[in-house]
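K.L.:
Residue numbers (our numbering): 10 to 191. Every residue gets a Cβ at the ideal spot worked out from N, C-alpha and C, and that includes glycine.
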């Protein structure tokens, strides 16, 4: 896949334009660009919209039902193939949106999503598989910890710390922060 991307788009790195320019300075410690603020607001809006979809919409409820018990959901008349297709579509939608967001922050390359994918995997394991609340809490905890470690020890240590978190989680709490025991 990376080779095809290199052939089609070439080897030079590219960058998507910022959504907004400007700087917001709350104090000497908290400095944020308006672009980052827009990305945070859009990300939170998307997360809340997806949560409402899962809790209120017919297909969101069907997704949750299938994740709990596939056979019981099928007995209730839920079309598994249709919901599976919708789930893959929603996953692709999220991948596309996150790629567009990352493309405005980092240079575009065939391997742009590798580290964010690893971080997302560790966050999901740390938060608990299937737990949206755990995933959100884990993202905040690990994000703050990553920033602290990056500031104190350097950015090169952040991936190692993430894997340490994942190993300790698997050892001491395999279900994650808010995950249910199997």
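(1) Just to confirm the assignment: which complete beta strand (DSSP E) runs, minimum length 3, are found wholly within the segment 13 to 58?
(2) Going by DSSP, what residue range makes up the alpha helix (DSSP H) through residue 160?
(3) Indicate whether residue 61 and residue 74 have their beta-carbon atoms separated by less than 8 Å.
(4) What would DSSP say about residue 126, mapped onto helix, strand or coil?
(5) If contacts are defined as beta-carbon pairs under 8 Å, then residue 134 and residue 170 qualify, I think. What distance do you get, rounded to the angstrom?
(6) At what residues does the alpha helix (DSSP H) containing residue 87 begin and finish?
(7) Whether or not the segment 126 to 142 and the segment 88 to 95 are in contact is what I'm after, with contact meaning three or more pairs of Cβ atoms, one per stretch, closer than 8 Å; do they touch?
(8) Any contact of the segment 111 to 127 with the segment 10 to 27, i.e. 3+ C-beta pairs under 8 Å?
(9) For residue 187, which of helix, strand or coil comes out of DSSP?
(10) Answer with buried or exposed for residue 102, where buried requires no fewer than 16 other C-beta atoms within 10 angstroms of its C-beta.
P.N.:
Looking at the coordinates:
(1) Entirely contained in the segment 13 to 58, the beta strand (DSSP E) runs reaching 3 residues are, in chain order, 32 to 34, 40 to 42.
(2) Boundaries of the alpha helix (DSSP H) harbouring residue 160: 141 to 161, taken from the DSSP string.
(3) When the beta-carbon positions are compared, residue 61 and residue 74 stay at least 8 Å from each other.
(4) Here residue 126 sits in helix by DSSP.
(5) For residue 134 against residue 170, the beta-carbon gap comes to about 14 Å, at or over 8 Å, which does not count as contact.
(6) Run containing residue 87: none; DSSP gives neither H nor E here.
(7) Between the segment 88 to 95 and the segment 126 to 142 there are fewer than three inter-stretch CB-CB distances shorter than 8 Å, so the stretches are not counted as touching.
(8) Touching, per the Cβ criterion.
(9) Of the three classes helix, strand and coil, the one that applies to residue 187 here is coil, per DSSP.
(10) Residue burial is scored here from C-beta neighbours: residue 102 has fewer than 16 other C-beta atoms within 10 angstroms and is therefore classed as exposed.
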